[in-house]
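Accompanying notes for the structure given below.
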Amino acid sequence: MKSQNYAEKQTVTFPTKEKVDNDFNDFLIKFSSDTSFQKSRTKFPLKINWYDIEKDKDSLIYKDVSDFEMMDFRKKKSKGQYDQWEQKILVDKDNTSAIIEIRGIENGIMVDYLFKKIKNVWMIIEIRDGST
28 MKSQNYAEKQ
38 TVTFPTKEKV
48 DNDFNDFLIK
58 FSSDTSFQKS
68 RTKFPLKINW
78 YDIEKDKDSL
88 IYKDVSDFEM
98 MDFRKKKSKG
108 QYDQWEQKIL
118 VDKDNTSAII
128 EIRGIENGIM
138 VDYLFKKIKN
148 VWMIIEIRDG
158 ST
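For the sequence shown, our numbering begins at 28 and goes up steadily by one.
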């Protein structure tokens, strides 16, 4: 008798458009798992501030859609040996702006992802990397 091995199917359900734009957590689920959606909800050119250790000053670049890299905010913490971090989500009381803070645990990681509602839809507008 042959045994059959069926791969388990995982179904990902995305929130409705209304929920995505009303609830930041619902937005993040779709944003983190759908490349096309993420591109459409990124304000290009994306402003990126970071601290340049070699020049000992803040630097600024703008990334175009051609430099797009998928961002995933579904993990709330990382327990890697050298890159442990925790994530905190802060949404303003008017539900029009939000910040995702990534903070390293004894390692200098400090990145903020800034989101804002533009024409009633959530968009990522800036990344601030103050890591050392």
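Note that beta-carbon positions come from the ideal geometry of N, C-alpha and C, so glycine has one too.
TODO: Report the rounded CA-to-CA distance for residue 84 versus residue 158, giving the unit in angstroms.
DONE: For this step, residue 84 is matched to residue 57 along the sequence shown. For this step, residue 158 is matched to residue 131 along the sequence shown. C-alpha separation (whole angstroms): 12 Å.
- [ ] Hey, could you find the ends of the alpha helix (DSSP H) residue 56 is sitting in?
- [x] Here the question's residue 56 lines up with position 29 in the sequence shown. Residues 51-60.
Task: Backbone secondary structure at residue 158 - three-state DSSP - done: Residue mapping note: residue 158 aligns to position 131 of the sequence shown, counting from 1. Of the three classes helix, strand and coil, the one that applies to residue 158 here is coil, per DSSP.
Open item on the list: So for residue 79, helix, strand or coil by DSSP?
Closed with: Position 52 of the sequence shown holds residue 79. Correct three-state label for residue 79: strand.
Open item on the list: Determine whether the beta carbon atoms of residue 70 and residue 64 lie at a separation below 9 Å.
Closed with: As a working mapping, residue 70 is identified with position 43 in the sequence shown. As a working mapping, residue 64 is identified with position 37 in the sequence shown. Not in contact: residue 70 and residue 64 (Cβ atoms no closer than 9 Å).
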